[in-house]
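One structure is given below, encoded as structure tokens.
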Amino acid sequence: MITVTASGITPADLIAVARGNARVTLAQDALDAMRTSRSIVDAIERDGRPVYGVSTGFGALANTFIAPERRAELQHALIRSHAAGIGAPMPREVVRAMMLLRIRSLAMGRSGVRPEVASALVDLLNADITPWVPEHGSLGASGDLAPLAHCALVLIGEGWVLAKDGARISATDAGVSPIALSSKEGLALINGTDGMLGMLLMAIADAAHLFTMADVTAALSIEAMLGSDRPFMPELHTIRPHPGQAASAANLHRLLQDSPIMDSHRDDHEHAVQDAYSMRCAPQVAGAARDTLEFATTVAARELRSIVDNPVVLTDGRVESTGNFHGAPLGFAADFLAIAAAEVGAIAERRVDRMLDVCRSRDLPPFLTPDAGVNSGLMIAQYTAAGIVAENRRLASPASVDSLPTSGMQEDHVSMGWAATRKLRTVLDNLCSILAVELLSAVRGLQLRAPLTPSVAGRIAMAAVEEHAGGPGPDVFLAPVLEAVRATVSGPALRAAIEREVGTLA
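Residues 1 to 506 in UniProt numbering are what the sequence shown spells out, letter by letter.
Take a look at the structure:
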């Protein structure tokens with residue numbers, strides 16, 4: 001059970017709800033905070049003061065006064081008109097993350113909504129009812145208006161729900177009990193960065209795992225290509241004190257110890273004096289990505305502590321307009337992390353290409369097949385990795401520089417943070433596929449070094465991959481093998497097995 005308090009939630013709470021189906025409850029301090037802020041909105045209504053979002057229209061219509069008897073109608077009309085997205089539905093985990101983050105923001109007691117509104121969102125999550133949220137519609141300012149409106153529409157008994165089989169059904173058919181919105185509440189349900197933040201938080205968790213797995217696949221590739229572990233000695237990284245670089249180098253050095261393959265060429269003076277950059281500079285690239293991840297993590301943590309709404313209800317009774325819904329911090333972080341993740345994939349693909357090239361692989365057979373000519377080995381697997389690298393380079397182009405004005409020039413600069421975080425998820429999904437190709441290639445290379453045996457990590461990886469790929473031999477249907485190895489990269493089992501033997505990896 002995840003308890004949402006007036007001080008918020010943690011990233012782990014979000015993962016538990018979005019991906020683990022944890023149930024949600026509201027703490028008493030959150031209920032009290034919402035009641036207090038609602039009493040301020042009620043006082044404004046009684047006094048008849050013109051306040052944006054309470055007694056006026058929205059966006060370019062902010063100067064239009066709304067009569068008291070039409071203010072509830074205004075909130076419902078706002079939700080209907082803003083639920084204007086189009087395209088395929090967003091994944092269930094993204095929508096659940098959005099809803100939890102909107103609950104979190106409302107529970108902080110600066111939005112002026114009744115506790116019943118947040119409780120209704122909690123009920124949707126606990127009933128496993130997922131609104132159908134189209135992929136297109138948000139510009140990342142004023143927050144994720146259209147996606148959140150599609151969620152809010154289900155609250156009032158309208159709109160679409162994503163059925164368990166992926167079909168689209170009506171909120172009525174899904175059994176939703178609608179609520180009626182009061183003044184300010186429709187706006188409070190949609191004026192936030194929750195979609196961007198939810199996707200960024202999940203991407204951060206995914207990137208943290210994949211960057212560690214990138215060190216694992218790099219180490220296995222270096223071992224398979226008879227590389228050196230000397231460039232990863234800690235004293236060489238203390239003189240360039242980037243923390244991510246040191247962490248990645250430490251991983252590589254640890255993974256390459258106790259390897260008869262590595263020992264076989266330590267005293268070979270005819271061996272290459274220096275390895276290629278894709279081998280020797282692995283911690284510099286992966287480490288820079290780790291430092292970028294740390295920056296994104298810091299930004300997301302700040303946003304998770306933030307109250308994102310407009311207007312906000314202050315404790316002294318004022319209701320003030322803000323620009324806190326603007327997604328620039330999240331858009332910048334997502335774009336930066338996408339660039340970093342794309343480069344982690346790019347350098348991994350270069351190692352794959354080197355392993356497959358008989359001129360550069362240090363006596364491995366062409367394309368890692370013992371019978372090249374009749375068999376093509378992993379030739380086309382590298383094509384696939386190269387194609388994905390090219391796509392990631394396109395996706396690494398920043399979305400956050402591509403503002404377009406909207407709402408009659410009232411919203412004349414937007415963040416494109418929704419697009420930035422969406423494509424970040426694609427980049428990371430692609431990175432997982434590239435690392436799967438590297439893992440398969442590295443294991444094949446280690447197999448072909450027999451009778452020499454690899455490191456402890458190499459032996460564990462070989463056992464995991466051989467379960468799906470077997471050993472060197474005639475060509476096989478590779479697509480299902482790659483799918484299985486991809487699941488090995490994305491899942492926790494291989495990393496956990498390696499860490500049990502060599503210690504925790506950064």
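Ideal Cβ positions, reconstructed from N, Cα and C, are used throughout, including at glycine.
Count the other CB atoms, across all protein chains shown, that sit within 10 Å of the CB of Thr384; report buried if there are 16 or more and exposed otherwise. Within the sequence shown, the letter at position 384 stands for residue 384. By the neighbour-count rule (16 or more Cβ atoms within 10 Å), Thr384 is buried.
Rank Ile44, Ala381, Ala188, Leu124 by C-alpha distance to the C-alpha of Val176 and give the top, closest one. As a first step, residue 176 must be located in the sequence shown, where it is residue number 176. Selected option, being the one with the closest Cα: Leu124.
Determine the extent of the beta strand (DSSP E) in which Ser433 is found, giving its start and end residues. Residue 433 sits at position 433 when you count from the first residue of the sequence shown. No beta strand (DSSP E) holds Ser433; the alpha helix (DSSP H) holding it covers 417-447.
Where Pro243 sits in the DSSP three-state scheme: Position 243 of the sequence shown, counting from 1, holds the residue named residue 243. Three-state result, Pro243: helix.
Taking Cys151 as the reference, give the member of Ala167, Ile169, Thr130, Gly140 with the closest Cα. Here the question's residue 151 lines up with position 151 in the sequence shown. Measuring from the Cα of Cys151, the nearest candidate turns out to be Thr130.
Measuring alpha carbon to alpha carbon, tell me which residue in Ala88, Ala219, Val401, Ser441 is nearest Ser275. Here the question's residue 275 lines up with position 275 in the sequence shown. The residue asked about is misnamed: residue 275 is Asp in this sequence, not Ser. If we check each option's Cα against that of Asp275, Ala219 comes out closest.
Compute the Euclidean distance between the alpha carbons of Ile204 and Ala346, then round it to the nearest angstrom. Residue mapping note: residue 204 aligns to position 204 of the sequence shown, counting from 1. Residue mapping note: residue 346 aligns to position 346 of the sequence shown, counting from 1. Straight-line Cα distance between these residues: approximately 19 Å.
Is it buried or exposed for Gln447, if we count other Cβ within 10 angstroms and need 16 for buried? For the purposes of this step, residue 447 is taken as the residue at position 447 of the sequence shown. By the neighbour-count rule (16 or more Cβ atoms within 10 Å), Gln447 is buried.
Distance, Gly157 Cα to Ile388 Cα: For the purposes of this step, residue 388 is identified with residue 388 of the sequence shown, where counting begins at 1. For the purposes of this step, residue 157 is identified with residue 157 of the sequence shown, where counting begins at 1. Going by the C-alpha atoms only, they are around 42 Å apart.
Rounded to whole angstroms, what is the Cα-Cα separation between Asp371 and Met233? On the sequence shown, position 371 is the one that residue 371 refers to. On the sequence shown, position 233 is the one that residue 233 refers to. Cα to Cα, Asp371 sits roughly 37 Å from Met233.
Which stretch, first to last residue, makes up the alpha helix (DSSP H) that contains Ile115? Looking up residue 115 in the sequence shown gives position 115. Residue identity differs from the one stated: residue 115 is Pro in this sequence, not Ile. First-last of the alpha helix (DSSP H) with Pro115: 115-126.
Thr3 - DSSP class collapsed to helix/strand/coil: Your numbering for residue 3 matches position 3 in the sequence shown. Looking at Thr3 - three-state DSSP - the assignment turns out to be strand.
Measure how close the beta-carbons of Gly87 and His136 come, nearest whole angstrom, since I'm counting them as under 8 Å. Here residue 87 is taken as the residue at index 87 of the sequence shown, counted from 1. Here residue 136 is taken as the residue at index 136 of the sequence shown, counted from 1. Their Cβ separation, rounded to whole angstroms, is 4 Å, which keeps Gly87 and His136 in contact under 8 Å.
Starting from Arg168, trace the beta strand (DSSP E) both ways and give me its first and last residue. As a position in the sequence shown, residue 168 is number 168, starting the count at 1. Unbroken beta strand (DSSP E) run through Arg168: 168-170.
Return the Cβ separation of Ala207 and Ala341 in integer angstroms, given the expectation that the two are a contact with Cβ distance under 8 Å. Indexing the sequence shown from 1 puts residue 207 at position 207. Indexing the sequence shown from 1 puts residue 341 at position 341. About 6 Å separates the two Cβ atoms, so the contact holds.
Give me the Cα-Cα distance between Met293 and Leu424, rounded to the nearest whole angstrom. For the purposes of this step, residue 293 is taken as residue 293 along the sequence shown, with counting starting at 1. For the purposes of this step, residue 424 is taken as residue 424 along the sequence shown, with counting starting at 1. It should be pointed out that residue 293 corresponds to Leu in this sequence rather than to Met. For Leu293 and Leu424, the distance between alpha carbons rounds to 12 Å.
Of the choices Ala334, Glu45, Asp267, Glu116, whose alpha-carbon is the least far from that of Thr426? In the sequence shown, counting from the first residue as 1, residue 426 sits at position 426. Here the closest residue by C-alpha is Ala334.
Cα-Cα, which of Ala171, Ser182, Asp128 is closest to Lys164? In the sequence shown, the residue the question calls residue 164 occupies position 164. Ranking Ala171, Ser182, Asp128 by Cα distance to Lys164 puts Asp128 first.
Who are Leu153's beta bridge partners in DSSP? Here residue 153 corresponds to residue number 153 of the sequence shown, with the count starting at 1. Answer by DSSP bridge pairing: none, since Leu153 is not bridged.
I'd like the list of long-range same chain contacts for Asp353, defined as Cβ closer than 7 Å, with 5 residues on each side in sequence excluded. As a position in the sequence shown, residue 353 is number 353, starting the count at 1. So the list reads Gln382, once near-sequence residues are dropped.
Alpha-carbon to alpha-carbon, Gln245 and Asp475: As a first step, residue 475 is located in the sequence shown; it is residue number 475 there, counting from the start. As a first step, residue 245 is located in the sequence shown; it is residue number 245 there, counting from the start. Cα-Cα distance, rounded: 38 Å.
I'd like to confirm the pairing. Which residues does DSSP put opposite Pro134 in its beta bridges? Here residue 134 refers to the residue found at position 134 of the sequence shown. DSSP lists Pro89 as partners of Pro134.
Which residues does DSSP list as the beta-bridge partners of Leu220? Within the sequence shown, numbered from 1, the residue matching residue 220 stands at position 220. BP columns for Leu220 are empty, so no partner.
Name the two residues that bound the continuous alpha helix (DSSP H) containing Ser36. For the purposes of this step, residue 36 is taken as residue 36 along the sequence shown, with counting starting at 1. Correcting the residue identity first, residue 36 is Thr in this sequence and not Ser. Element bounds for Thr36: 28-47.
Starting from Leu162, trace the beta strand (DSSP E) both ways and give me its first and last residue. Residue numbering aside, residue 162 sits at position 162 when the sequence shown is read from its first letter. Note, Leu162: beta strand (DSSP E), 160-162.
Would you mind giving the Cβ-Cβ distance between Thr322 and Pro311, rounded to the nearest angstrom? I have them listed as a contact below 8 Å. Sequence index remark: in the sequence shown, residue 322 carries index 322 (1-based). Sequence index remark: in the sequence shown, residue 311 carries index 311 (1-based). The Cβ separation is near 7 Å, so the contact holds.
For my contact list, Gly112 and Val216 are in at a C-beta cut-off of 8 Å; report their separation, rounded to the angstrom. In the sequence shown, residue 112 corresponds to position 112, counting from 1. In the sequence shown, residue 216 corresponds to position 216, counting from 1. Incorrect: roughly 50 Å between the Cβ atoms, too far for contact.
To test your reading of the DSSP string, which unbroken alpha helix (DSSP H) runs of 4 or more residues are found completely within the region 363-427? 379-395
DSSP on Thr477, reduced to helix/strand/coil? Along the sequence shown, one-based indexing puts residue 477 at 477. Thr is not the amino acid found at residue 477; the sequence shown has Phe there. Reduced to three states, the DSSP call for Phe477 is coil.
Neighbourhood of His326 by C-beta, 6 Å cutoff - its chain only, sequence neighbours within 5 removed: Indexing the sequence shown from 1 puts residue 326 at position 326. Within the same chain, His326 has close Cβ partners Ala141, Ser415.
Strictly by DSSP, which residues pair up with Val24? Taking the first residue of the sequence shown as position 1, residue 24 is located at position 24. DSSP lists Ile2 as partners of Val24.
Any 3 or more C-beta pairs closer than 8 Å across the region 256-270 and the region 448-468: yes
With a CB to CB cut of under 7 Å and the five nearest residues on each side skipped, what residues in its chain are close to Arg280? The residue you call residue 280 lines up with position 280 of the sequence shown. Only Pro231, Gln274 meet the Cβ criterion.
Could you tell me the alpha carbon to alpha carbon distance between Trp428 and Ala338, rounded to whole angstroms? The residue labelled residue 428 in the question sits at position 428 within the sequence shown. The residue labelled residue 338 in the question sits at position 338 within the sequence shown. In the sequence as displayed, the identity of residue 428 is Leu instead of Trp. Distance between the alpha carbons of Leu428 and Ala338 is about 8 Å.
Does the distance from the CB of Ala22 to the CB of Ala30 come in under 8 Å? Position 22 of the sequence shown, counted from the start, is the residue given in the question as residue 22. Position 30 of the sequence shown, counted from the start, is the residue given in the question as residue 30. For Ala22 and Ala30, no; Cβs fall outside 8 Å.
Find out if the Cβ-Cβ distance for the pair Ala188, Ala107 is shorter than 8 Å. For the purposes of this step, residue 188 is taken as residue 188 along the sequence shown, with counting starting at 1. For the purposes of this step, residue 107 is taken as residue 107 along the sequence shown, with counting starting at 1. No, the pair does not count as a contact, with Cβ atoms beyond the cut-off.
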